[in-house]
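Data first, discussion second: the structure below is written as structure tokens.
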Amino acid sequence: MASITVNLLAGFKPSSVVKHVLAISSSADRSFAPLRNIFAASKVTEPEWLTAALANLTPLKETANTIDFLLPSAQEGSPFVKFVVAVLPSTYSRGNSPSHSHVVNSVVKANKGPGDVVIVVSPNDATAAFAQACAASRCFPLFNLKSGQSTVVTNVDIVVDSDAVSAAQLSVIRSNVENIRLAQRLVDMPPNLLHVDSYITEARVVAEKLGAEILVIQGKDLEEQGFGGLFGVGKASEHPPALVVLSHYPQGTTKDTPSVCLVGKGIVYDTGGLSIKTPTSGMCGMKMDMGGSAAVLGGFAAAVTAGTLTAPLHALLCIAENSVDERSIRPDDILTMLSGKTVEVNNTDAEGRLVLADGVHYAGKYLKPRVIIDIATLTGAQLIATGKKHAALFCNDEELEALAVQVGKDTGDLTFPLLYAPEFHKNEFRSQVADMKNSVADRGNAQSSCAGQFIANHLEDYFAAGGKWLHVDCAGPAFAEDRGTGYGVALLSQLTQRLN
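Numbered according to full-length UniProt numbering, the sequence shown terminates at residue 500, and the numbering increases by one at each position without gaps.
Below is the structure:
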């Protein structure tokens with residue numbers, strides 16, 4: 001397990017004896033000046049040959065260019081220090097982040113080593129500093145139950161060039177790093193440890209730390225209050241489904257002040273229900289199907305911690321296990337949703353949209369939102385539409401969509417818009433006996449857009465009042481190499497700040 005400390009370069013003091021340093025510089029600044037500060041901290045004398053070696057470290061177009069070397073040190077307990085110096089690419093496409101955050105992540109993963117490490121980032125500006133520090137932190141996940149390893153603590157110092165970042169901006173970086181790792185830990189936890197009840201406990205811990213209000217509606221209370229989608233999906237589980245609402249009211253606001261609502265899909269395990277998944281069709285790894293709710297919880301915590309919000313912020317976690325027993329919803333069942341609309345189930349493995357539909361409708365009806373943002377690992381089709389790095393956006397407002405694309409580039413949580421044309425997609429859910437089905441008739445017709453449209457079908461009153469809504473499908477970027485990435489925490493925290 002790694003303990004991460006994020007500090008400015010000025011006055012930096014390492015957390016432990018320096019044995020390994022990874023210095024990452026932008027292609028625009030190849031002075032590598034911060035490296036000299038680390039030499040002093042690690043009691044290393046700069047060799048004469050280093051200036052020429054660094055001068056030859058020219059930027060490549062798409063990948064980092066790196067060199068590594070050992071230098072003698074006067075530290076006790078570390079006669080040599082290993083240095084890896086990387087320069088980031090010189091170009092990026094218009095769909096990528098100028099920070100090259102994904103390259104930073106790759107460089108750190110490849111060169112972090114097994115022990116303590118000092119990671120120095122020298123970004124062009126504060127925006128890049130944020131994205132690069134977050135990218136580096138993702139390489140040190142918290143959850144590990146390997147025998148004998150969970151108690152081993154590795155010290156990781158992420159050092160940001162202080163010319164680029166103020167003390168206030170550093171605080172924001174620290175909070176996002178902390179909550180990205182929270183989201184990663186939750187996604188990495190197995191379903192026997194992170195079930196509905198233990199997830200509620202995690203949310204209560206966050207709420208108490210922040211001083212936020214928390215409301216939990218669970219089990220039969222969900223059914224009695226009309227949450228047909230959320231209750232239906234989770235009623236077969238040992239642990240009853242729940243809607244968890246965390247609320248932060250900044251000073252001077254009330255429950256009638258227009259708010260921002262974040263809604264997350266929290267399927268702690270997805271067997272597919274009676275439309276069951278198999279080992280060859282993706283059941284293994286479905287602990288990650290609560291990644292959207294983890295992003296909401298972490299993004300909410302980071303945004304509230306910043307202390308700059310002027311409007312109420314709500315985090316809604318739609319938590320359930322899509323399990324199998326005699327109580328499972330069946331294909332052909334008809335559910336009455338919180339919106340009052342009826343849904344004929346034709347695929348129990350299209351469960352995320354059912355829980356989200358109830359969640360967004362609750363937000364629109366009871367929480368006075370001016371913006372609702374939902375995020376979910378919703379469709380495998382998202383990976384086909386926008387790939388493994390970019391979440392897909394489905395949005396009823398062009399300005400909000402454009403803002404989400406820009407914030408994605410700024411934070412490194414990349415996004416790209418889907419086709420938004422409800423008139424072409426609503427008919428995919430036509431039913432002879434209910435208001436709609438829950439899965440499309442034609443899988444060749446913009447599946448990810450259609451999945452988003454199903455959620456939108458339960459926001460008609462909110463739309464009629466002029467409400468803005470953004471759906472984020474992060475099935476691809478939320479999970480990589482069998483680990484949660486913490487995707488969405490930075491996106492939501494910074495998008496919330498911009499909407500402030």
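Ideal placement from N, C-alpha and C gives every residue a C-beta, glycine not left out.
Owing to the predicted nature of the structure, the values given are computational and were not obtained by experimental measurement.
List the endpoints of the continuous beta strand (DSSP E) containing residue i.
{"i": "Gln218", "result": "Glu213 to Gln218"}
{"i": "Pro89", "result": "Element bounds for Pro89: n/a, residue is neither H nor E."}
{"i": "Ser449", "result": "Note, Ser449: premise wrong, no beta strand (DSSP E); alpha helix (DSSP H) at Gln447 to Ala456."}
{"i": "Ile67", "result": "Asn65 to Gln75"}
{"i": "Gly148", "result": "Per DSSP, Gly148 belongs to no beta strand (DSSP E) and is neither H nor E."}
{"i": "Thr45", "result": "Careful: Thr45 lies outside any beta strand (DSSP E) and carries neither H nor E."}
I'd like to check one pair, residue j with residue i: are the Cβ atoms closer than 9 Å?
{"i": "Asp374", "j": "Leu491", "result": "no"}
{"i": "Val117", "j": "Val156", "result": "yes"}
{"i": "Asn124", "j": "Ala86", "result": "no"}
{"i": "Val104", "j": "Ala136", "result": "yes"}
{"i": "Cys395", "j": "Leu316", "result": "no"}
{"i": "Ile329", "j": "Leu274", "result": "yes"}
{"i": "Leu354", "j": "Leu459", "result": "no"}
{"i": "Ala74", "j": "Val108", "result": "no"}
{"i": "His390", "j": "Pro250", "result": "no"}
{"i": "Cys134", "j": "Gly387", "result": "no"}
{"i": "Val21", "j": "Val120", "result": "yes"}
{"i": "Phe32", "j": "Ser122", "result": "yes"}
{"i": "Leu182", "j": "Gly307", "result": "no"}
{"i": "Ala475", "j": "Gln382", "result": "yes"}
{"i": "Lys468", "j": "Asp410", "result": "no"}
{"i": "Leu210", "j": "Ser259", "result": "no"}
Three-state secondary structure (DSSP) at residue i?
{"i": "Ala402", "result": "helix"}
{"i": "Cys134", "result": "helix"}
{"i": "Lys437", "result": "strand"}
{"i": "Gly115", "result": "coil"}
{"i": "Asn427", "result": "helix"}
{"i": "Asn124", "result": "coil"}
{"i": "Val324", "result": "coil"}
{"i": "Ser106", "result": "helix"}
{"i": "Asn396", "result": "coil"}
{"i": "Gly484", "result": "strand"}
{"i": "Ile372", "result": "strand"}
{"i": "Tyr478", "result": "In the sequence as presented, Tyr is not what sits at residue 478; that position holds Ala. Correct three-state label for Ala478: coil."}
{"i": "Glu238", "result": "coil"}
{"i": "Gly266", "result": "strand"}
{"i": "Phe12", "result": "coil"}
{"i": "Val6", "result": "strand"}
On a Cα-Cα basis, can you pick out the residue from the options that is closest to residue i?
{"i": "Leu9", "options": "Val103, Ser78 and Ala167", "result": "Ala167"}
{"i": "Thr127", "options": "Leu230, Leu499, Val371 and Gly408", "result": "Gly408"}
{"i": "Ser25", "options": "Leu54, Val44 and Lys43", "result": "Leu54"}
{"i": "Ser293", "options": "Ala421, Val360 and Arg174", "result": "Val360"}
{"i": "Pro241", "options": "Ile319, Thr201 and Thr305", "result": "Ile319"}
{"i": "Cys284", "options": "Ile38, Phe479 and Asn56", "result": "Phe479"}
{"i": "Val489", "options": "Ile455, Val120, Ala456 and Ala376", "result": "Ala376"}
{"i": "Ser106", "options": "Leu145, Gly95, Ser122 and Thr66", "result": "Thr66"}
{"i": "Ile217", "options": "Leu194, Leu246 and Ser237", "result": "Leu246"}
{"i": "Ser15", "options": "Ile158, Gln169 and Pro34", "result": "Ile158"}
{"i": "Leu60", "options": "Thr91, Ala52, Gln453 and Ser3", "result": "Thr91"}
{"i": "Pro89", "options": "Gly307, Ser101, Ala385 and Gly113", "result": "Ser101"}
{"i": "Leu309", "options": "Leu499, Gln132 and Gln453", "result": "Leu499"}
{"i": "Val81", "options": "Lys19, Pro114, Gly95 and Gln132", "result": "Lys19"}
{"i": "Asn56", "options": "Ser198, Asp197 and Ser27", "result": "Ser27"}
{"i": "Lys287", "options": "Asp332, Val196 and Pro331", "result": "Val196"}
{"i": "Asp256", "options": "Glu202, Pro369 and Pro141", "result": "Pro369"}
{"i": "Ser97", "options": "Phe130, Val268, Thr154 and Pro72", "result": "Phe130"}
Would you mind reading off the limits of the alpha helix (DSSP H) that contains residue i?
{"i": "Tyr199", "result": "Val196 to Leu210"}
{"i": "Lys365", "result": "Gly352 to Tyr366"}
{"i": "Pro34", "result": "Ala33 to Ala41"}
{"i": "Gly228", "result": "Gly228 to Gly234"}
{"i": "Leu182", "result": "Ala167 to Asp188"}
{"i": "Phe140", "result": "Where Phe140 is concerned, there is no enclosing alpha helix (DSSP H), given that its DSSP letter is neither H nor E."}
{"i": "Ile384", "result": "Ala381 to Thr386"}
{"i": "Leu492", "result": "Val489 to Leu499"}
Nearest chain C C-beta to residue i closer than 9 Å, yes or no?
{"i": "Met288", "result": "Looking at the structure shown, chain C is missing, and only one protein chain is on hand."}
With burial defined as no fewer than 16 other Cβ atoms inside 10 Å of the residue's Cβ, what is the status of residue i: buried or exposed?
{"i": "Lys235", "result": "buried"}
{"i": "Ser147", "result": "exposed"}
{"i": "Lys265", "result": "buried"}
{"i": "Leu378", "result": "buried"}
{"i": "Asn427", "result": "exposed"}
{"i": "Arg430", "result": "exposed"}
{"i": "Asn438", "result": "buried"}
{"i": "Trp49", "result": "exposed"}
{"i": "Leu70", "result": "exposed"}
{"i": "Arg138", "result": "buried"}
{"i": "Asn176", "result": "buried"}
{"i": "Pro114", "result": "exposed"}
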